[in-house]
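Asks:
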Ligand code: C2E
Ligand code: MG
Ligand code: MG
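In my numbering, the protein residues as written are 1 to 736.
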């Protein structure tokens, strides 16, 4: 509802009038209401006057002609000729009304035009306000303009201008006056309702056709009148089919025009629809080509394009700066593997929204694929801004995320580079930001790193090594060596620790300290663990089959954080046991204290299951992490392996005290203790005195190839047969 109009409504209206007003004229304001009533009252008076004038001034036969004329006009009003491209129509009855005007004066025409308007308004409008007002307006217009014509013809007649041409001209002028007056009265209602001004152009634009049709009807009426005067009433009967023919021709012409118009419009509509559809397809294609379907962010391709534009801006104007942040999540694979891909997807969507929340409006956030995101920032001081943004994003990522009812603690490593390095190609920018991200990861993850040119060689070597490690693994070129473990009290061999070895054809021996982290980051560690697991299990089985010395031996295998996060790890272990014929008790899995602490929650159920199966578990490099012994007491571990840094510094009083405390507490908790890195007889004896059960180290034996292990075992078997001393003496000899 229009507030202005409603506030304008007459304030004090009550009872029936108010109800009538609300029901019939809810959209009429004060001015429109006053106008409507004025017109209706005036029109009613005009109709009443016209009726009395007809009955008093005309003879009975003339009254009959008027009645017939009124009925014909009303009947014609039921079948109007619709004007194309307009909501208006005119009725054929106008010819009869105008003829009545010329024959019997304005009163007769007033009744006929009111009758025709009543039929017309009932046909076109459901509102009683229109149905009442239309006939009264037609009556007023006809009475005024008809009276004007009557006086004009009288005046012309008195001056002797009394020919057919004058009649035709005057009638046509009357028709136009009638049209203008009637149109004005009708149009004023909506204008007053909407408090709008009346524009003449609008008036003639909308009703022009009706005006022309009226003039035509008026000319026909004048002809009818002239013929009637000369030939009497018979001519009217003869004229009827001609008029009917004329009107149906007009009707057909207009319908034809309307049909043409409709066809043209439908063709235009169809063309418009086709264009819209093509536009939509274009947009969809662009979306597919340039947007990431999961997050809706620009994809790698689009980002490349935007980055190219930023580079070009920098080339045009040396003051223009840009920076790039390259973001990679540290544990996304783990989320995907352990919680499923739909959770992984939801995680990415939430993360993308969070990132967008932290950037400025002009910054571009894109998903490059997988868990990689990139942000392009431009403008003066953008390098400082990029660093501040990286810090903010790292802080944001420290807040846990709720995904599908699970709380996820995510962290990302971010690499930053900027236009300070004169880039010419978007690929180079992304490559360097990726290298910086790599640096952040290898520096401990959950941090950012800035790119510098020296990083390129370092990283490219690392990437080269990763490729070669992959190939070496696939070709089975990686080796395994076995370092013997001994009981410190008796000197007997108790088992081996399997250690991966890589002999590179050009670079020579590559330390596990170099290639194990590469394998972990690239996901190759799963294959590497499997290789070591299967070979070591088979090796131990062969040792066990070589004689009594081999019977009770165990095999220690190092596993990584990625292994314990791997869903199929238990079946991988049981498969290796089954394939080699070992018992679960023959296998000890070593897990470093740091990995254990970082993955404790994820790993615990799997470790418990392995322990229930009978597989032994050992905490490797104990003392380097931040776990407490009491904490470890609740975990399913059988032994602790004291880190070699404690063993090597055993001569220092404080270290000896620490080792003593570890051994004491471990025993109190029912765990055994293994010492690694024993290099001297002194260390050996000291550890033995402290009560450490097992040990390994160069003092007893380094890691041995499979052949040397088997030669050693055969040697012991032979020495036992010929009555040599204890195996530990032989083992001790091996390291020299
Ligand atoms: P770790 O599990 O603590 O293995 C013991 C390391 O100490 C081995 O180094 C071994 O050669 C070395 N070592 C043994 N006795 C002595 C000694 O008397 N003095 C000194 N200084 N060192 C001694 P390695 O073979 O270089 O392995 C380094 C680390 O690489 C291992 O530490 C382990 O964490 C990892 N690693 C080796 N092989 C594998 C593997 O197959 N899988 C996994 N996940 N990690 C492995
Ligand atoms: Mg180990
Ligand atoms: Mg160790």
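For each residue, glycine too, the CB sits at the ideal point set by N, CA and C.
Give the single residue among 196, 173, 481, 336 whose Cα lies nearest to the Cα of residue 213.
Replies: The option with the nearest alpha carbon to residue 213 is 173.
Asks: Would you grab the beta carbon distance between residue 98 and residue 266 for me? Rounded to a whole angstrom, and I think it's under 8 Å.
Replies: That pair is no contact at about 38 Å.
Asks: Helix, strand or coil for residue 305? Go by DSSP, reduced to three states.
Replies: If DSSP states are grouped into helix, strand and coil, residue 305 belongs with the helices.
Asks: For residue 598, name the three-state secondary structure that DSSP assigns.
Replies: Residue 598: helix per DSSP, three-state reduction.
Asks: Please name the residue, chosen from 107, 698, 292, that lies closest to residue 57 on a Cα-to-Cα basis.
Replies: Nearest C-alpha to residue 57: 107.
Asks: When you compare only the Cα positions, how much space is there between residue 737 and residue 142?
Replies: A question about residue 737 goes unanswered here, because the residues of the chain that appear run from 1 up to 736.
Asks: Measuring alpha carbon to alpha carbon, tell me which of 67, 379, 351 ends up nearest residue 403.
Replies: Among 67, 379, 351, the Cα nearest to that of residue 403 is on 351.
Asks: Roughly how many angstroms lie between the CA atoms of residue 729 and residue 491, to the nearest whole one?
Replies: Confidence in residue 729 is poor, its pLDDT being 38 and thus under 50, which makes the residue's placement unreliable; the coordinate value appears in the next sentence. Those two C-alpha atoms are separated by around 8 Å.
Asks: What first and last residue would you give for the alpha helix (DSSP H) that runs through residue 67?
Replies: It spans 60 to 78 - the alpha helix (DSSP H) in which residue 67 sits, taken as one unbroken run.
Asks: Taking buried to mean at least 16 other C-beta atoms within 10 Å of its own C-beta, is residue 224 buried or exposed?
Replies: So residue 224 counts as buried.
Asks: Under a criterion of Cβ closer than 5 Å to any non-hydrogen atom of ligand 2, which residues qualify, in chain order?
Replies: Every residue passing the under-5 Å Cβ criterion appears here: 558, 590, 620.
Asks: Name the DSSP beta bridge partners of residue 325, please?
Replies: Bridge partners of residue 325: 375, 416.
Asks: Please indicate yes or no: does the CB of residue 644 lie closer than 7 Å to some heavy atom of ligand 1?
Replies: Yes, ligand 1 has a heavy atom inside 7 Å of this Cβ.
Asks: Do you know whose CA, among 537, 567, 501, 349, lies nearest residue 589's CA?
Replies: Ranking 537, 567, 501, 349 by Cα distance to residue 589 puts 537 first.
Asks: Since residue 644 is in the beta strand (DSSP E), which residue starts that stretch and which ends it?
Replies: Residue 644 -> not in any beta strand (DSSP E); alpha helix (DSSP H) instead, spanning 644 to 648.
Asks: From the beta carbon of residue 431, is the nearest beta carbon of chain B less than 8 Å away?
Replies: Among the chains of the structure shown, chain B does not appear; only one protein chain is present.
Asks: In whole angstroms, what is the alpha-carbon distance linking residue 189 and residue 138?
Replies: In a straight line, the C-alpha of residue 189 is about 14 Å away from that of residue 138.
Asks: Examine ligand 3 and report whether any of its heavy atoms sits within less than 7 Å of the Cβ of residue 676.
Replies: Within the cutoff, so yes.
Asks: Under a Cβ-count criterion, where at least 16 other Cβ atoms within 10 Å of its own Cβ denotes burial, should residue 580 be classed as buried or exposed?
Replies: Counting Cβ neighbours within 10 Å, residue 580 comes out buried, since at least 16 surround it.
Asks: Check for me: the alpha helix (DSSP H) holding residue 402 runs from which residue to which?
Replies: It is not in any alpha helix (DSSP H) - residue 402 instead sits in the beta strand (DSSP E) that spans 401 to 403.
Asks: Among residues of its own chain, excluding the 5 on either side of residue 503, which ones have a beta-carbon nearer than 7 Å to its beta-carbon?
Replies: So the qualifying residues of the chain are 479, 509.
Asks: Pull up the distance between the alpha-carbon of residue 17 and that of residue 121, whole angstroms please.
Replies: Cα to Cα, residue 17 sits roughly 24 Å from residue 121.
Asks: Given the structure, does residue 551 come close to ligand 3, in the sense that its CB is under 7 Å from one of the ligand's heavy atoms?
Replies: No, the beta carbon of residue 551 sits no closer than 7 Å to any heavy atom of ligand 3.
Asks: Cutting at 8 Å between CB atoms, please list the residues of its own chain near residue 553, excluding the five before and the five after it.
Replies: 493, 494, 495, 496, 540, 543, 544, 586, listed in sequence order.
Asks: How about residue 96 and residue 76: are their beta carbons less than 8 Å apart?
Replies: Yes, the Cβ-Cβ distance between residue 96 and residue 76 is below 8 Å.
Asks: Between residue 742 and residue 481, which are expected to be in contact by the criterion C-beta below 8 Å, what is the C-beta distance as a whole number of angstroms?
Replies: Because the chain is modelled from 1 through 736, residue 742 falls outside the range shown and cannot be assessed.
Asks: According to DSSP, residue 555 sits in a beta bridge with which residue or residues?
Replies: Bridge partners of residue 555: 496, 587.
Asks: Since I believe residue 659 is in contact with residue 650 (beta carbons under 8 Å), could you give me their beta-carbon distance rounded to a whole number of angstroms?
Replies: Correct: roughly 7 Å between the Cβ atoms.
Asks: Leaving out the 5 sequence neighbours to the left and right, which residues in its chain are closer than 8 Å to residue 667 when beta-carbon positions are compared?
Replies: Cβ within range, chain order: 673, 691.
Asks: Give the DSSP-derived three-state secondary structure of residue 19 in the structure shown.
Replies: The answer is helix: DSSP assigns residue 19 an H, G or I state.
Asks: Helix, strand or coil: which one does DSSP assign to residue 410?
Replies: In this structure, residue 410 counts as coil in the three-state DSSP scheme.
Asks: To the nearest angstrom, report how far apart residue 286 and residue 316 are at their CA atoms.
Replies: Roughly 28 Å separates the two Cα atoms.
Asks: Assuming the contact rule is C-beta atoms closer than 8 Å, residue 364 and residue 298 should be a hit. Round their C-beta distance to whole Å, please.
Replies: Indeed they touch by this definition, with Cβ atoms about 6 Å apart.
Asks: With residue 98 as the anchor, note down where its alpha helix (DSSP H) starts and where it stops.
Replies: Per DSSP, residue 98 belongs to the alpha helix (DSSP H) from 93 to 104.
Asks: Work out the CA separation of residue 550 and residue 722 for me, nearest whole Å.
Replies: Confidence at residue 722 is low in this model, with a pLDDT of 48, below 50, so the placement of that residue should be treated as unreliable; the coordinate-derived value is given next. Taking the straight line from one Cα to the other gives about 18 Å.
Asks: Alpha carbon to alpha carbon, how far is residue 418 from residue 521?
Replies: Their backbone Cα atoms lie some 26 Å apart in a straight line.
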